[in-house]
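Below: the structure, in C-alpha cells.
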Amino acid sequence: MTKRMAFDVEVGVTAAVMYRDFTTIRYWEDLVVRYREEATQTEIAHFSSDDTGTRVSFAHILTAADLPAIARPVLPGTFVVTREQHFDPFDEEGGLATGRYRATVPHVPVDIQGDYTLMDTATGSRMRLETRCTARVPLIGGQIESLLIGGLKGLFANEGEFTAHWIAANH
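Residue numbers (our numbering): 120 to 290.
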C-alpha cells in the first residue's frame, strides 16, 4: 500500500525570489557541499535551466550500514539514491510554481515520487512537497514505506533549514 506525506518548507522571501534562488546551480552546489560536510557522498549528475523549467539530478552514495536493520536485506552493500527534480517555469500571474520529483535506487522495489507547489504566504513563501512512497516487498513493504517516509521527513526538514539559511545569507 502506498504511504503519503505532505511537508511544508517556509521561507521569508516571496515565491518569485525563492524560485529564482532554488533554480540556480549555485544553490544546488552549496547543498551538495552541506551533504559532504555531513559525510554523505553526494554528486550533481545534471543541471539545466531554460524556458521549459529547471531540471536537477543528483546522487547520494550510501551503504547498508546507513540504514535501519529492517531495510538492510533489501539494500545490501553500497547503493546510489538518485533524486531527479523538475521545476516548471514560474507563473508570474499566479505567483506560484509547480514541479515534480522522484527518487530511484537501481534494482530496489521502491517507488518514491511527488509534487512541488511553491506559493506566496503572508510572511514569505511556502514550498509544499507531496510525496507518495511504495515499497513492493511482501510482508514488510508497509514497514519499509513507514521508514522511508520518516527518513524523507528528516531529509526535507534538513533541506528546508538549509534553504532558509541559504536564502537569508544570500539576500
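C-beta: ideal position from N, C-alpha, C; glycine also.
Considering just the uninterrupted stretch of the alpha helix (DSSP H) at glycine 261, what are its terminal residues? 260-288 is the span of the alpha helix (DSSP H), which, as asked, contains glycine 261.
May I have the straight-line CA-CA distance separating leucine 150 from phenylalanine 281, to the nearest angstrom? Leucine 150 and phenylalanine 281: Cα-Cα distance of roughly 8 Å.
Considering only their Cβ atoms, is the gap separating tyrosine 235 from leucine 215 smaller than 7 Å? no
Helix, strand or coil for leucine 186? Go by DSSP, reduced to three states. coil
DSSP state of glutamate 156 mapped onto helix, strand, coil: helix
Run the CB neighbour count on serine 244, radius 10 Å, all protein chains shown included, and call it buried at 16 or more, exposed below. buried
Valine 132 to tyrosine 146, Cα distance in whole Å? The alpha-carbon atoms of valine 132 and tyrosine 146 are separated by roughly 15 Å.
Mapping DSSP to helix, strand and coil, what is alanine 216? DSSP, read as helix, strand or coil, puts alanine 216 in strand.
Top-ranked residue by Cα proximity to tyrosine 220, from Thr173, Glu157, Glu148: For tyrosine 220, the nearest C-alpha among the options comes from Thr173.
Would you call the CB atoms of leucine 237 and alanine 164 closer than 7 Å? no
Taking C-alpha atoms, which residue in Gly270, Pro257, Thr197 lies nearest to isoleucine 231? Closest option to isoleucine 231, Cα to Cα, is Gly270.
State the DSSP-derived secondary structure class of phenylalanine 209, mapped to helix, strand or coil. coil
Of all the options Leu258, Phe126, Val224, Tyr138, which has the alpha carbon lying nearest to the alpha carbon of glycine 273? Phe126
Among the candidates Met124, Thr121, Val136, Met120, whose CA atom is the shortest distance from the CA of isoleucine 286? Val136
Provide the residue span of the beta strand (DSSP E) that contains valine 224, from first to last. Note, valine 224: premise wrong, no beta strand (DSSP E); not H, not E.
Take glycine 196 and list the residues in its own chain whose beta-carbon comes closer than 8 Å to its own, dropping the five residues that flank it on each side. Thr182, Ala183
With respect to the beta strand (DSSP E) encompassing methionine 124, which residues constitute its N-terminal and C-terminal limits? 122-130
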